[in-house]
């Protein structure tokens, strides 16, 4: 696959810009936030700012009120969370003075809600949206409507297409990070990309003051252990024991990895509310390519260990939301994916 991919979130961002004074677009690094915003807003160069630029960050940190007042309207600010509470307070003040919709679009690769001091700063003033890695629907140019169809039983299962095993394996290993998908990275190139990505995210983001993380090696080891457990119930004590960490430390690290949008927790489900509250959530690495790489899985692994390898990453397939999926198998034994609701990762048996 080459070229730009149409993101299904684009219409939602447009809707939020017309409804709120400020829009916060979050998501992991390299998921295409900047590209999406540029395509939507078509802003001139002087209306774009990134706090990855240390000079720009210094200006915003030294005088956040003056920085925000000097911003053109509309404007976009990337990695806004790096400027901390002072910047968001300045944005809050500006939004309170001017109630025009769609003034500022702030993008960030770290969930600012993980910082208790920032979580309520823009309450009621900002619309929020997470941009996940590419879904199967986005890769195929199809808009998923699985949740909509759940309420239309007569329309299910809809149109299906056979998915040969070789294509399934390739899709799982590529995952949904746009650069890997659009440039067709494979083999050693893909492994190098994921290695550099994890190092970059952990070293640049985890060691910033979102949490007290001192040892990068511990965090990376925990991430690998979570990748091996993707789609399973999260038993913190078990993960802590395998990582040789204290339970509280392991819990803090999981929270940090979730704030970095590398993993997500799926709430337990039961028709009984009491049982639902008792059960543990499931931990999911948000991208199958990343999960496979962290587990050391590649093309040869899938060729030699068909059943085990596919099961290890079956629950990390990016969909329109990590909380929605479907799967079914066709009469000829090939996996079929409803074009309106692409499956997460089916089990190959």
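Residue numbers (our numbering): 1211 to 1559.
Where is the CB? At the ideal position from N, CA and C, for every residue including glycine.
Query - Burial state of residue 1464 (16 or more Cβ within 10 Å) - result: buried
Query raised in the report: How would you write the range of the beta strand (DSSP E) that residue 1310 sits in, first residue to last?
Result: First-last for residue 1310: undefined, no H or E at that position.
Query raised in the report: residue 1336 and residue 1232: beta carbons closer than 8 Å?
Result: yes
Query raised in the report: Is residue 1342 buried or exposed, if buried means 16 or more other CB atoms sit within 10 Å of its CB?
Result: buried
Query raised in the report: What's the call for residue 1267, buried or exposed, on a 16-neighbour Cβ count within 10 Å?
Result: buried
**Report entry** Counterpart residues of residue 1265 in DSSP-defined beta bridges
**Finding:** DSSP output for residue 1265 lists no bridge partner at all.
Query raised in the report: Of the choices 1264, 1239, 1284, 1272, whose alpha-carbon is the least far from that of residue 1257?
Result: 1284
Report task. Measure how close the beta-carbons of residue 1238 and residue 1472 come, nearest whole angstrom, since I'm counting them as under 8 Å. Result -> 6 Å
**Report entry** Run of the alpha helix (DSSP H) containing residue 1260, from where it starts to where it stops
**Finding:** Element bounds for residue 1260: not the alpha helix (DSSP H) but the beta strand (DSSP E), 1258-1260.
Query - Rounded straight-line distance, which links the Cα of residue 1252 to that of residue 1338 - result: 20 Å
Query raised in the report: What is the C-beta distance between residue 1344 and residue 1379, in whole angstroms, given that I count them as a contact (C-beta under 8 Å)?
Result: Not a contact, Cβ separation roughly 17 Å.
Report task. Enumerate in chain order the residues of its own chain whose CB-to-CB distance from residue 1531 is below 6 Å, with the five nearest sequence positions on each side excluded. Result -> Because residue 1531 sits at a pLDDT of 46, beneath the cut-off of 50, its placement in the model cannot be relied upon, and the point is left open.
Query raised in the report: What is the C-beta distance between residue 1437 and residue 1504, in whole angstroms, given that I count them as a contact (C-beta under 8 Å)?
Result: 4 Å
Query raised in the report: Just how far apart, CA to CA, sit residue 1389 and residue 1348?
Result: 14 Å
Query raised in the report: Of all the options 1272, 1236, 1265, 1217, which has the alpha carbon lying nearest to the alpha carbon of residue 1250?
Result: 1217
Query raised in the report: Which first and last residues belong to the alpha helix (DSSP H) in which residue 1401 is found?
Result: 1397-1411
Query raised in the report: With contact counted as at least three CB pairs below 8 Å, one residue from each stretch, are the stretch 1260-1280 and the stretch 1296-1310 in contact?
Result: yes
Query - Cα-Cα separation, residue 1296 to residue 1269 - result: 12 Å
Query - Burial state of residue 1319, where buried means 16 or more other Cβ atoms lie within 10 Å - result: buried
**Report entry** Rounded C-alpha distance that separates residue 1289 from residue 1404
**Finding:** 21 Å
Query - C-beta atoms of residue 1316 and residue 1214 nearer than 8 Å - result: no
Report task. Pick helix, strand or coil for residue 1302, following the three-state DSSP scheme. Result -> helix
Query raised in the report: Closer than 7 Å: is that where the CB of residue 1275 sits relative to any heavy atom of the ligand MG?
Result: Although the ligand MG was asked about, the structure shown includes no ligands whatsoever.
**Report entry** Reduced DSSP category for residue 1236 - H, G, I as helix; E, B as strand; rest coil
**Finding:** strand
Query raised in the report: Can you name the start and end residues of the beta strand (DSSP E) that residue 1206 belongs to?
Result: Only positions 1211 to 1559 of the chain appear in the structure, and residue 1206 is not among them; the question remains open.
**Report entry** Distance between residue 1494 and residue 1477 (C-alpha atoms, nearest Å)
**Finding:** 11 Å
Requested in this report: Please specify which runs of the beta strand (DSSP E), each continuous and at least 3 residues long, are wholly inside the stretch 1439-1484, giving them in chain order.
Outcome: 1473-1476
Query raised in the report: Measuring CA to CA, which of 1312, 1242, 1223, 1434 is closest to residue 1506?
Result: 1434
Requested in this report: List the residues that DSSP assigns as beta-bridge partners of residue 1252.
Outcome: In DSSP, residue 1252 forms no bridge with anything.
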